[in-house]
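If you're matching positions, the sequence shown starts at 2 in this note's numbering and goes up one per residue.
C-beta: ideal position from N, C-alpha, C; glycine also.
Remarks on the structure that follows.
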Amino acid sequence: MTRSLEDLLSSYRAVEHKLDSLNMDAASILDILPLQPGRKFWSSTEIDWNDPRLQPLKGKYDELTEKHRKLSQEIGRREAIRDDDLPRWEAKQMAYDWLHILGDDGNRWLLDHKLTTITLTEKILENPNFLEEVV
């Protein structure tokens, strides 16, 4: 059975809430405060998930982050279909997948090719083989 966009958004918010709670638990274990005073949650980027004290929580963190990523992608795809913009969404996914593969070198690659993520998406939209031809 296919889930509705509203169901996906609800699941996405629930996973975000679980991640926020897990981040708070991790911050408590590490005895750290949020980077921005007054904030009531901790960003995953503020937490070193390789710290041995967090090993009991790391599996759950990895599981939730993967679920969050998949839901985010499916929501984006569904919204693109709804908005009749699927080709642009697919091009954008190709661009970000490529940059993810490059890791820390992604920004340098964009600069070397005089591109931004937006212009890279446009190039892929115009020519789906763009990345193969440039590399």
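Quick one: Cα of residue i to Cα of residue j, how far?
i    : j    : result
D85  : R78  : 10 Å
N51  : G60  : 11 Å
V135 : E80  : 30 Å
N24  : I33  : 11 Å
W99  : D63  : 22 Å
L58  : E67  : 14 Å
K19  : I48  : 15 Å
E91  : N128 : 12 Å
L87  : E123 : 13 Å
Give a yes or no on whether the C-beta atoms belonging to residue i and residue j are separated by under 7 Å.
i    : j   : result
L126 : R83 : no
L9   : I76 : yes
L65  : S12 : no
A28  : L55 : no
L167 : A96 : Here the chain comprises residues numbered 2 to 136, so residue 167 is not present and cannot be evaluated.
In terms of residues, what are the limits of the alpha helix (DSSP H) holding residue i?
i    : result
W110 : 107–113
R14  : 6–31
L116 : Per DSSP, L116 belongs to no alpha helix (DSSP H) and is neither H nor E.
V135 : 131–135
Label residue i either buried or exposed according to how many other C-beta atoms from any shown protein chain fall within 10 Å of its C-beta, with 16 as the threshold for buried.
i    : result
N130 : exposed
K115 : exposed
A15  : exposed
T117 : exposed
I102 : exposed
T3   : exposed
L6   : exposed
Cβ-heavy atom distance between residue i and the ligand COA below 6 Å?
i   : result
D52 : Ligands displayed in this structure: none; no statement on the ligand COA is therefore possible.
What alpha helix (DSSP H) runs, 4 residues minimum, are completely inside the region 56–92?
56–83
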